[in-house]
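J.: As they're listed, the protein sequences go chains L and V.
If you read the first sequence in my numbering, its first letter stands for residue 1280, the second for the next number, and so on.
If you read the second sequence in my numbering, its first letter stands for residue 1280, the second for the next number, and so on.
2 protein chains.
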Amino acid sequence: MSEVLEKAKRAKLAAAELAKLSSGIKNKALQIMAQALEAQTDFLIKANKLDLEAAVQSGKPKAFIDRLTLNEQRIKDMADGLRVIKDLPDPVGETGAMWRRPNGLQIGRRRVPLGLIGVIYESRPNVTADAAGLCLKTGNAVILRGGSEAIKSNKAIVKVLSQASYEAGIPEGAIQLIEDTDRASARELMRLNGLVDVLIPRGGTGLIKAVVEEATVPVIETGVGNCHIYVDGQCDRDTAVKIIINAKTQRPGVCNAVETLLVDRRIAEEFLPVVIKELREKDVEIRGCEETLKIVPDVTRATEEDWDTEYLDYILAVKVVDGIDEAIRHIGMHGTGHSEAIITDNYHAAQKFLDEVDAAAVYVNASTRFTDGFEFGFGAEIGISTQKLHARGPMGLNELTTIKYVIYGSGQIRK
Amino acid sequence: MSEVLEKAKRAKLAAAELAKLSSGIKNKALQIMAQALEAQTDFLIKANKLDLEAAVQSGKPKAFIDRLTLNEQRIKDMADGLRVIKDLPDPVGETGAMWRRPNGLQIGRRRVPLGLIGVIYESRPNVTADAAGLCLKTGNAVILRGGSEAIKSNKAIVKVLSQASYEAGIPEGAIQLIEDTDRASARELMRLNGLVDVLIPRGGTGLIKAVVEEATVPVIETGVGNCHIYVDGQCDRDTAVKIIINAKTQRPGVCNAVETLLVDRRIAEEFLPVVIKELREKDVEIRGCEETLKIVPDVTRATEEDWDTEYLDYILAVKVVDGIDEAIRHIGMHGTGHSEAIITDNYHAAQKFLDEVDAAAVYVNASTRFTDGFEFGFGAEIGISTQKLHARGPMGLNELTTIKYVIYGSGQIRK
Chain L
1280 MSEVLEKAKR
1290 AKLAAAELAK
1300 LSSGIKNKAL
1310 QIMAQALEAQ
1320 TDFLIKANKL
1330 DLEAAVQSGK
1340 PKAFIDRLTL
1350 NEQRIKDMAD
1360 GLRVIKDLPD
1370 PVGETGAMWR
1380 RPNGLQIGRR
1390 RVPLGLIGVI
1400 YESRPNVTAD
1410 AAGLCLKTGN
1420 AVILRGGSEA
1430 IKSNKAIVKV
1440 LSQASYEAGI
1450 PEGAIQLIED
1460 TDRASARELM
1470 RLNGLVDVLI
1480 PRGGTGLIKA
1490 VVEEATVPVI
1500 ETGVGNCHIY
1510 VDGQCDRDTA
1520 VKIIINAKTQ
1530 RPGVCNAVET
1540 LLVDRRIAEE
1550 FLPVVIKELR
1560 EKDVEIRGCE
1570 ETLKIVPDVT
1580 RATEEDWDTE
1590 YLDYILAVKV
1600 VDGIDEAIRH
1610 IGMHGTGHSE
1620 AIITDNYHAA
1630 QKFLDEVDAA
1640 AVYVNASTRF
1650 TDGFEFGFGA
1660 EIGISTQKLH
1670 ARGPMGLNEL
1680 TTIKYVIYGS
1690 GQIRK
Chain V
1280 MSEVLEKAKR
1290 AKLAAAELAK
1300 LSSGIKNKAL
1310 QIMAQALEAQ
1320 TDFLIKANKL
1330 DLEAAVQSGK
1340 PKAFIDRLTL
1350 NEQRIKDMAD
1360 GLRVIKDLPD
1370 PVGETGAMWR
1380 RPNGLQIGRR
1390 RVPLGLIGVI
1400 YESRPNVTAD
1410 AAGLCLKTGN
1420 AVILRGGSEA
1430 IKSNKAIVKV
1440 LSQASYEAGI
1450 PEGAIQLIED
1460 TDRASARELM
1470 RLNGLVDVLI
1480 PRGGTGLIKA
1490 VVEEATVPVI
1500 ETGVGNCHIY
1510 VDGQCDRDTA
1520 VKIIINAKTQ
1530 RPGVCNAVET
1540 LLVDRRIAEE
1550 FLPVVIKELR
1560 EKDVEIRGCE
1570 ETLKIVPDVT
1580 RATEEDWDTE
1590 YLDYILAVKV
1600 VDGIDEAIRH
1610 IGMHGTGHSE
1620 AIITDNYHAA
1630 QKFLDEVDAA
1640 AVYVNASTRF
1650 TDGFEFGFGA
1660 EIGISTQKLH
1670 ARGPMGLNEL
1680 TTIKYVIYGS
1690 GQIRK
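1) Need the endpoints of the beta strand (DSSP E) that Ile1386 of chain V sits in, please.
2) Pop quiz: Ile1607 of chain L and Val1636 of chain L are said to be a contact at Cβ under 8 Å. What is the actual Cβ separation, rounded to whole angstroms?
3) What three-state label does DSSP hand Ile1686 of chain L in the structure shown?
4) From this set, V:Ser1281, V:Thr1650 and V:Glu1296, which residue's C-alpha is nearest Val1503 of chain V's C-alpha?
5) If contacts are defined as beta-carbon pairs under 8 Å, then Lys1450 of chain L and Leu1297 of chain L qualify, I think. What distance do you get, rounded to the angstrom?
6) To the nearest angstrom, report how far apart Leu1471 of chain V and Leu1284 of chain V are at their CA atoms.
7) Specify whether the region 1324 to 1344 of chain V and the region 1359 to 1370 of chain V touch according to this definition: at least 3 beta carbon pairs, one from each stretch, less than 8 Å apart.
8) Whole angstroms are fine: how far does the CA of Val1391 of chain V sit from the CA of Arg1362 of chain V?
9) Span of the beta strand (DSSP E) holding Arg1379 of chain V?
10) Quick one: what's got a C-beta closer than 7 Å to Gly1614 of chain L's C-beta in the same chain, skipping five residues either side?
11) Taking the CB atoms as reference points, tell me whether Leu1395 of chain V and Ala1290 of chain V lie closer together than 7 Å.
12) Any residues in the region 1490 to 1520 of chain V with a beta carbon nearer than 7 Å to a beta carbon of chain L? Which ones, in chain order?
13) Counting only beta-carbon atoms, is Lys1631 of chain V nearer than 7 Å to chain L?
14) Counting only the same chain and skipping the five closest in sequence on each side, list residues whose C-beta sits under 8 Å from that of Asn1382 of chain V.
15) List the DSSP bridge partners of His1507 of chain V.
16) What are the residues in the region 1674 to 1686 of chain L lying within 7 Å of chain V by C-beta distance?
17) Between Ala1620 of chain V and Thr1539 of chain V, is the Cβ-Cβ spacing less than 7 Å?
18) Who are the neighbours of His1669 of chain L on chain V, taking C-beta pairs under 7 Å?
19) Mind checking the region 1576 to 1593 of chain L against chain V and listing, in chain order, the residues whose C-beta falls within less than 8 Å of any C-beta there?
20) Is the region 1375 to 1389 of chain L in contact with the region 1649 to 1664 of chain V, if contact means three or more CB pairs nearer than 8 Å?
21) Report the residue from V:Glu1458, V:Glu1500, V:Asp1476 and V:Arg1466 whose alpha carbon sits nearest the alpha carbon of Gly1473 of chain L.
22) Would you say Glu1401 of chain V and Gly1485 of chain V are within 7 Å of each other, going by their C-beta atoms?
23) Kindly say whether Tyr1445 of chain L, judged by its beta-carbon, lies nearer than 7 Å to any beta-carbon of chain V.
24) Within this structure, are the beta carbons of Tyr1509 of chain L and Leu1541 of chain L separated by less than 7 Å?
25) Where does Gln1319 of chain L sit, in a helix, a strand or coil, going by DSSP?
26) With a CB to CB cut of under 7 Å and the five nearest residues on each side skipped, what residues in its chain are close to Asn1535 of chain L?
27) Leaving out the 5 sequence neighbours to the left and right, which residues in its chain are closer than 6 Å to Gln1455 of chain L when beta-carbon positions are compared?
28) So, is the C-beta of Ala1645 of chain L closer than 7 Å to a C-beta in chain V?
29) Let me make sure I understand the geometry here. Which of V:Asp1515, V:Lys1556 and V:Asn1677 has the alpha-carbon closest to that of Ile1546 of chain V?
30) Please report the straight-line C-alpha distance between Asp1476 of chain V and Gly1397 of chain V, rounded to a whole angstrom.
31) Is Leu1474 of chain L helix, strand or coil when you go by DSSP?
32) Can you find a C-beta in chain L that's less than 7 Å from the C-beta of Ser1689 of chain V?
33) I want to verify the contact list: residues of chain V whose CB lies under 8 Å from the CB of Lys1299 of chain L, in sequence order.
34) Measure the Cβ-Cβ separation of Asp1321 of chain V and Gly1360 of chain V and say whether it is below 7 Å.
35) Assign Tyr1626 of chain L to buried or exposed, taking buried as 16 or more other Cβ atoms, counted over all protein chains shown, within 10 Å of its Cβ.
36) Residues of the region 1464 to 1488 of chain V in Cβ contact with chain L at a cutoff of 8 Å, in chain order, please.
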C-alpha cells in the first residue's frame, strides 16, 4: 500500500471517532497543541533550519525564504492561531432547522463534520498548524500535502501536534502528513474518491489549476483574485483615492488586492491625474488604456493581457469606461469572481453594482482588502473560495462542515 | 466553435439576465410553459413516437421503452410539475443574515443563482422539463445533455419551452439542449470550466461514475443508494416487518429502497423466519449470511459482493450482526451514504445510530423510502446528493443557488 493510501485510510478511521468528540475534548486538545508548539520551539527551529539551508543553496528568492522561515515569534503566532480557533463556537451538532411533516415524521438538519479533508499547499509551514487546527475543531481528520521545500519543518510541526493531540484524547491518525513530496503523491491524493471528502488547494494559480484539472474528489477552488474598483462619476474623490491606495498598496501580494481600476469617463480627466500621482508616490506602476494615456501621457500602455492579469505586485491597470454598464461588463469578462468594489455617492449605482456583479464579495465604498475570514467576523479562515459550490468567499468553520438529515419516525411507511 | 461551446456561451450570457429577473416574471413564464406543453401535446407525442420506434427496433427492454414514453397523461404531469415549481417560494434574493463589523461595514449574505447549470441524464424525457423548470425558477440558465434515445422528444420539449419562456420575457438562450449525443459532447460539457458553474448527472451508476471521473467543472454526485435497515434486539416486530416490506417492495427500482437488512443476533432466530416469509410472499429473493442460512436453510448464500450491491430489484441481502456496533461498522464499510434506518424501541440505540451513521438521511423507525424532496417538504427535487459538498440528500430550490456577500461601506480601508 502506498504512503498516501495508507495514511488516508488511517485518517478516515480516525474521522469516524473525531465526529463523536465533544467540543470540550477538542478545545482542550487545541490548547495543549498550542502549548506544545511553544514548548518545542527549539526543535521546530532546528528542523526549519535544514529546510532554509536547502532553500538558500538552491537559490530561492528572498520572499520565498521569508515565507519558509520559522522563528520564535512565528511559532508563537501559530500557537496563538490554535488558541483563537479553540475559542470559536463549534458548529458541529447544531440542528439549524427541524420540522414536522403531515405524516408525523420529524426531520432535522444537523451540522456534521465533512470527514476527511485533504489540503495541498506550498511552502508556508504555518499552513500546517492552521489547517490541522481548523480541521480538528470541526471534527474532521486531515491529510496534509505541503511543498517539498518545507518538508522537514512540516514533519516537525505535525510530530508535535499529533503527539500533543493524542495525549489530549484525539484519536491517533487524525492529523496526517504525506512525507513523499513527489508530484505522484499529490496526484494520488487528488483521486482518492471514497476516502477524501474534500480537497482544498492553497497556493498560487498553477497549483490550483493542477488540482482542478486532475482531481476526481470534490474540490474547493480558492484564491485567484483579479479584483476591480470602479470609480463612479458621482463620488467623493478623496474617499476614492484613499480606498484605491489601500486596496493596491496595503498588501499587494494577496488575492484581495485590487488589480484594475475602472474610471467613469465623466470624471476621468479630473480624477486620473490625482489618483495616478498618489499611486506613483507609493511606487505603483500604472498600465493605462488609450484614454488614460491621453490624460496622463507618461504611463505604460496596457495590453489586452493586462485586463486578465493578477499582478500581486505594485502594478495597477487603469481603464476609462463609459459608465457603470461598461464597468460591470468589463468585470464580467475579466474578473475572477473574487472581490469587486464601486465608489459612488449614487444610490442607484450602488444597488445596481451589488445586484449585477457576480462575485464572492461585492463592495460599495470600501476596500476590496476586507475579503477575509477574520475581517468578516468568522474568527478563522481556511481560504477564500472563488467557486460557487458549497462555499463562496471566506471559508470559516461552518464551511468545513456538511449536514445530515436526522429523521425521527414512529413506524411511517411510504404510501 | 463546437455546438456545446456555442450553446454554453449563449446560455452564460442569458444567465446574467436571468439573475436579475423578478419572481413575478419567472413564475409567469413557468405558467405559460406549462400551458404550452399541454397545448402542444400532439406535437410532442409525434416527436416521441419517432424515438419510440427507434427504441423498439433496436430491441430496448420494456422498462426502457416505458421510461421513454410520452402520452397525454405524462405531458400533463410535466406541465403540472412546472406549476408546482411556480408556486414554490423563490429563494433568490433572500439575505439570510446581515451583520455589522466594529469598523461599521455591513456585511450581508445574499442568495443568488449559481449561473449556468449543466444536467447530463439518460432517456427520461420528463427530466428535460423538470430540470428546465427548476433552473428557471432559481434564475439559472441550463444546458441539457440527454440520452440519444430520447433526442427527438427532448428537442420537441425544449422547442416548446424555449418559445413559451421567450414570449414570457425570459432571455433567449436560457434553456439549451445539446443535440449532438456523442460521448464527446458530454465530455466537452464536463470540462467547460469558467462557463458551467455546476454539473449534475442524473442516472445510473455508470453515468455518474463517468462524470465524476472526467469532469473538471464542479459536480454534484447524485443517487447511488446501497441502503440498510438495522433491526435492533429491542423493537416492535410488526413495525419492523412493515417498514422492511415497504422499503424493499414499494418501489424497488429507486435509490432509497433498502438493499441490505441487518438483524441483531438477539432476535434473529425468532425474527428472521417471520420477515423472510413475508418478503417471499412479495416475491423478494433473499441472499443470507451464514447465520441466516442456519435459521432459514433454504435461502441463497450471500457472497461478499452482495454487501456492496445496489440491486434496484426484488432482492434483499440479509446479515445477522452482533448488535448495533457491528451494524454501524457494516454500514460504514458498505453503505453509500444515502439512507440508513434503525428499528428500535431503545432510546440509547436510536441516539447512537443517529449520531454515528454517516449518511445523507438517517432514520429511526421509518422507511428509507422517504428520502425525497417532496417527502421532505421541499416541494421539488433535482436529485439526491450523496456527496458532502454543497448539498447532501434531497436537493430542492435552495441547493440550486449559491450566496454572495454584499458589503455596504462608508469609506473603510484596511489597517
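We put the beta carbon where it would ideally sit given N, CA and C, even for glycine.
T.: So, from the data block:
1) That run of the beta strand (DSSP E) goes Gln1385 to Pro1392.
2) Confirmed, about 6 Å.
3) Residue state for Ile1686 of chain L is assigned as strand, using DSSP reduced to three classes.
4) That would be V:Thr1650, whose Cα lies nearest to the Cα of Val1503 of chain V.
5) Here residue 1450 of chain L is Pro; the residue named in the question, Lys, does not match the sequence. About 6 Å; that satisfies the 8 Å criterion.
6) When rounded, the separation of the alpha-carbon atoms in Leu1471 of chain V and Leu1284 of chain V is 8 Å.
7) Here the region 1324 to 1344 of chain V does not lie against the region 1359 to 1370 of chain V, with fewer than 3 beta-carbon pairs under 8 Å apart.
8) Cα-Cα distance, rounded: 22 Å.
9) It spans Thr1374 to Arg1379 - the beta strand (DSSP E) in which Arg1379 of chain V sits, taken as one unbroken run.
10) The beta carbon of Gly1614 of chain L is closer than 7 Å to those of Asn1505, His1507 and Ala1638 in its chain, skipping five residues each way along the sequence.
11) Yes, the pair counts as a contact, with Cβ atoms nearer than the cut-off.
12) If the cut-off is 7 Å between Cβ atoms, the region 1490 to 1520 of chain V has Val1491, Glu1492, Thr1495, Pro1497 and Thr1518 near chain L.
13) Taking Cβ atoms only, chain L never reaches closer than 7 Å to Lys1631 of chain V, which makes this a no.
14) Only Gln1691 meet the Cβ criterion.
15) DSSP lists V:Thr1539 and V:Glu1619 as the beta-bridge partner residues of His1507 of chain V.
16) Within the region 1674 to 1686 of chain L, the qualifying residues are Thr1681, Ile1682, Lys1683, Tyr1684, Val1685 and Ile1686.
17) Taking a C-beta distance under 7 Å as the contact criterion, Ala1620 of chain V and Thr1539 of chain V do not qualify as a contact pair.
18) Correct list: Leu1668 and His1669.
19) Going along the region 1576 to 1593 of chain L in chain order, one finds no residue with a Cβ nearer than 8 Å to chain V.
20) At 8 Å Cβ cutoff, the stretches touch.
21) Gly1473 of chain L has its Cα closest to that of V:Glu1500, out of V:Glu1458, V:Glu1500, V:Asp1476 and V:Arg1466.
22) Inclusion of Glu1401 of chain V and Gly1485 of chain V in the CB contact set at 7 Å is not warranted, their separation being larger than that value.
23) Judged by the 7 Å Cβ criterion, Tyr1445 of chain L is not in contact with chain V.
24) In this structure, Leu1541 of chain L lies closer than 7 Å to Tyr1509 of chain L by Cβ.
25) Three-state DSSP puts Gln1319 of chain L in coil, outside helix and strand.
26) Only Gly1504, Cys1506, His1617, Ser1618, Thr1647, Arg1648, Thr1650 and Asp1651 meet the Cβ criterion.
27) Short of 6 Å from the beta carbon of Gln1455 of chain L, and not among the five residues preceding or following it, lie these beta carbons of its own chain, in chain order: Lys1286, Ala1290 and Ile1422.
28) With 7 Å as the cut-off, Ala1645 of chain L counts as an interface residue toward chain V.
29) The option with the nearest alpha carbon to Ile1546 of chain V is V:Asp1515.
30) Separation of Asp1476 of chain V and Gly1397 of chain V (C-alpha to C-alpha, rounded to the nearest whole angstrom) is 8 Å.
31) Coil.
32) For Ser1689 of chain V, the answer is yes, since a Cβ of chain L falls inside 7 Å of its Cβ.
33) Against chain V, the beta carbon of Lys1299 of chain L has neighbours under 8 Å at Asp1634 and Glu1635, listed in chain order.
34) Result no, Cβ atoms of Asp1321 of chain V and Gly1360 of chain V do not sit closer than 7 Å.
35) Burial call: exposed.
36) Correct list: Asn1472, Asp1476 and Val1477.
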